[in-house]
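In the working numbering, the protein residues as written are 166 to 550. Backbone N, C-alpha and C define an ideal beta-carbon position, used for all residues, glycine too. Okay, so here's the structure we're looking at.
Quick look at the structure:
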């Protein structure tokens, strides 16, 4: 452990980063390996792959993900903004490329391959979008000569239009929800929040009538008899069979017939093999990350850091809630991964980027010059008196 007297970058980072948040995220990464080991072998065997194929690949992706998270956490707020801008331009360019060159899977073009490695660019858009939206709204509130709110609205439009064309309704909804949260936190009138909520509902209504797979998922959720509910039914059954303590590692049976037991429904596999108590423990870790992030956001005096931290926490928390809600049939199926737990290289590295940004903007720093100019300290007030 570095001494407090050291002034090296690593020592400065260690004493300014929030270690509770860091250790909680690293714990989720380790649990992701354990739970992938529980849920993925049957899937690999059905595909004719080595038993631990997905486990090895998860570890392979975890190493760069951990490096990315730690390296990004060293950045200053200024470099966080610049990194996010570069990432957003590249990721959105790749999203457009998927529309032109991506392989069509289940009626959607979301993936593009590089040297045999499939990448989902929309995953990398999300953390960059949150940073840029927080930047736009914070600058709009700080400077009258910067149309930050207009930039924020334009950013949302430029982001969701290509996603809708893919179509990727799940990611579009997630990004829109986080953006609405930032609008509210930035201090815009509730009229805008209500209006945006109405527009979102209208967009969902249009998607229901124009996109057959969206309509099918909603219909199956509202009326299970209207279509195939095989995965959801078996996911619910896994909670019943697992009970409070579970059947034990490797003893689950539902994972042998669930096609997505290592991705979308890994929470259900966890329930069957390790029990509902472990699921509650896992939920507690997610809640700890979210609550800790919100506390750090509230304490932050810099408007950009405060908004960025809140937005990244909302992104992380909403994605977690959506995945778990689908597993217990509270929401229609979305194809959303459980952060750091579900298998997936693009998801893992993009979440590491997001949490690296979160660690960076929540690091303890001296009072900003901006804040000193706007809100005098008690000593300044005494001098003025």
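Quick check: what's the CA-CA separation for residue i versus residue j?
i           : j           : result
residue 258 : residue 182 : 33 Å
residue 380 : residue 503 : 24 Å
residue 328 : residue 483 : 18 Å
residue 214 : residue 283 : 17 Å
residue 325 : residue 410 : 42 Å
residue 442 : residue 315 : 47 Å
residue 534 : residue 401 : Model confidence at residue 534 stands at a pLDDT of 43, short of 50, so the residue's coordinates are unreliable and nothing is read from them.
residue 201 : residue 256 : 27 Å
residue 245 : residue 252 : 10 Å
residue 350 : residue 464 : 14 Å
residue 310 : residue 300 : 15 Å
residue 267 : residue 331 : 10 Å
residue 523 : residue 417 : 36 Å
residue 308 : residue 467 : 14 Å
residue 289 : residue 488 : 18 Å
residue 274 : residue 285 : 9 Å
residue 278 : residue 511 : 12 Å
residue 250 : residue 276 : 22 Å
residue 530 : residue 297 : 21 Å
residue 544 : residue 451 : In this prediction, residue 544 has a pLDDT of 40, which is less than 50 and means its spatial position is unreliable; what the coordinates show is noted afterwards. Rounded to the nearest angstrom, the two C-alpha atoms are 41 Å apart.
residue 432 : residue 176 : 37 Å
residue 527 : residue 212 : 43 Å
On the three-state DSSP scale, how would you describe residue i?
i           : result
residue 409 : coil
residue 275 : strand
residue 182 : coil
residue 454 : helix
residue 210 : helix
residue 493 : coil
residue 498 : coil
residue 155 : This structure cannot speak to residue 155, because the chain is shown only from 166 to 550.
residue 437 : helix
residue 269 : strand
residue 175 : helix
residue 530 : coil
residue 284 : strand
residue 403 : helix
residue 295 : helix
residue 505 : coil
residue 308 : coil
residue 289 : helix
residue 302 : helix
residue 242 : helix
residue 383 : helix
residue 133 : Nothing in the structure corresponds to residue 133, since the chain is present only between 166 and 550.
residue 331 : coil
residue 417 : coil
residue 217 : coil
residue 205 : coil
residue 398 : helix
residue 341 : helix
I think residue i touches residue j, with their Cβ atoms under 8 Å apart; what is that distance to the nearest whole Å?
i           : j           : result
residue 476 : residue 238 : Not confirmed; about 17 Å, so no contact.
residue 294 : residue 340 : 6 Å
residue 219 : residue 208 : 7 Å
residue 472 : residue 321 : At roughly 15 Å, the Cβ-Cβ gap does not stay under 8 Å, so residue 472 and residue 321 are not in contact.
residue 469 : residue 303 : 4 Å
residue 406 : residue 430 : 14 Å between Cβ atoms; not a contact.
residue 306 : residue 352 : 6 Å
residue 434 : residue 204 : 4 Å
residue 474 : residue 456 : That pair is no contact at about 12 Å.
residue 428 : residue 485 : Their Cβ separation, rounded to whole angstroms, is 14 Å, which puts residue 428 and residue 485 out of contact at 8 Å.
Subject >> Cβ pair count under 8 Å reaching 3, the region 488-502 against the region 405-422 >> reply: no
**OP:** Flag this pair as touching only if the region 262-281 and the region 302-316 have three or more C-beta atom pairs under 8 Å; answer yes or no.
**Re:** no
Original post:
Do three or more CB pairs link the region 184-195 to the region 220-240 at distances below 8 Å?
Top reply: yes
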